[in-house]
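Protein chains in written order, with the UniProt record's numbering: chain A, 1 to 194; chain B, 1 to 194. All residues carry an ideal CB built from backbone N, CA and C; glycine is no exception. The structure presented is a predicted model; accordingly, all values stated were derived computationally and were not measured. Reviewing the structure listed below.
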DNA sequence: TAATTTAACTAACAATTGTTAGTTTACGAT
DNA sequence: ATCGTAAACTAACAATTGTTAGTTAAATTA
């Protein structure tokens, strides 16, 4: 087994292009050109353009699912669980921002009904787990009484689109990102919260 | 002038389809079918598919720009300015979620360099205005000392993707959305901020 | 060395794409 | 009644799309 086999290279290159223009706007000739080969040569390694998308999206979605289930089954406080989820999103974003962009923007181009259903189930379950964490936190007094949807999607929206802006500024170290993100999401930005 | 002329109808239908599948994945035949006419008939009203995108994206972007400039020139506190921006995003999202989806996801498919540059300038200026508001707020003690990028994009990410989730739950009234969104974004979710 | 595998190539396909040309139909104003 | 316009239509186009077939060159294994 080579350090990175050819198929993995294709997937990484494709993910980068998908991030920039979206799945539908990227042609297999674009992907081939980015690898300095001809389009037909790609098919020695992949079955279809669609297969690339499936591998990118499902792999990352499963990663989120796995960790979320661990978190949910742990006995940490609600706030600690959310802190763990924040760090999970930062982890994956820093490691694979291109795949994350695909997950966010191109999942609806999964053509096989089974793939789409599988993905949507993972996403729904993920949000439902998050919802349960928030509700428990509200009940035991850790979290403010706000509409759970607003809490869930305020945090998730920020985390899901982190890949769009985290690397724009060099002044933002990984440590600062992790700490300030946690603080801003959990404690807000005003000086006198009460 | 009719209540809504035909061109406006096309743009609204197209925006809805673009929201669901993205600009590149929507064909002019898709748009025509959604209006119960043939693709060629569209060209009695529009110059090109691209023109539809330009009208959708630029119109909304200019709306954000106009209000942001008013806000920036006002003499409100930093927090009050941010509160106004939060309400602006909610306003536009409730009124035109489809166009907002295009703005977020399809701006990179603006084909004319002039259009793309114009849009990017508006977006950069918008973020820069937000950055200035935050920096002033930090200086005069209204806002916590956090990395400004984290503050700006935490809030903007949430507001920009509001169209994705605001209508999922019927349990979320407009009033609750506006109040809780403001509270969550500005004051966080924890009970003991200090 | 011979055999096999890997990974590239050229050429071509059928389908789909945005768009144009030219025509027809319905309707309000003169 | 006639004119003009708005808005639909059919038919067709050239370009681009994902993909396949068949071939070739280089590297690895026997």
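- prompt: Would residue 5 (chain B) be called buried (16 or more neighbouring beta carbons within 10 Å of its own) or exposed?
  reply: exposed
- request: Measure the CB-CB distance between residue 178 (chain A) and residue 60 (chain A) and report whether it falls below 8 Å.
  value: no
message: According to DSSP, residue 10 (chain A) sits in a beta bridge with which residue or residues?
response: Looking at the DSSP assignment, residue 10 (chain A) forms no beta bridge with any residue, so it has no partner.
- prompt: Pairing CB atoms from the region 19-37 of chain A with CB atoms from the region 69-89 of chain A, are three or more of them under 8 Å?
  reply: no
message: Give me, in chain order, the residues of the same chain whose beta-carbon lies closer than 6 Å to that of residue 68 (chain B); leave out the 5 immediate sequence neighbours on both sides.
response: 126, 129
- prompt: Can you list the residues of chain B that residue 25 (chain A) reaches, using a CB-CB cut of under 7 Å?
  reply: 24, 109
Residue 46 (chain B) (DSSP reduced to helix, strand or coil): coil
- prompt: Which full runs of the alpha helix (DSSP H) of 4+ residues lie inside the region 95-132 of chain B, going along the chain?
  reply: 97-105
- request: Would you be able to state if there are at least three C-beta pairs under 8 Å between the region 147-165 of chain B and the region 108-121 of chain A?
  value: no
field: Identified DSSP bridge partners for residue 143 (chain B)
entry: A:190
Short Cβ contact (8 Å threshold) for residue 149 (chain A) with residue 172 (chain B): yes
query: What number of angstroms, rounded off, separates the C-alpha of residue 48 (chain A) from the C-alpha of residue 7 (chain A)?
result: 12 Å
- request: Can you give me the start and stop residues for the alpha helix (DSSP H) that residue 158 (chain A) sits inside?
  value: 148-160
field: Proximal residues of chain B, C-beta to C-beta of residue 180 (chain A) below 7 Å
entry: 146, 147, 150
message: Quick check: the Cα distance between residue 194 (chain A) and residue 86 (chain A), rounded to an integer number of angstroms?
response: Residue placement at residue 194 (chain A) cannot be trusted, given a pLDDT of 45 that sits under 50; the coordinates are not used to answer.
- prompt: At a Cβ threshold of 8 Å, is residue 183 (chain B) touching chain A?
  reply: yes
- request: Look at the alpha carbon of residue 17 (chain A) and the alpha carbon of residue 63 (chain A), and state the distance between them as a whole number of angstroms.
  value: 22 Å
- request: Out of B:163, B:28, B:185, state which residue places its alpha-carbon closest to the alpha-carbon of residue 95 (chain B).
  value: B:163
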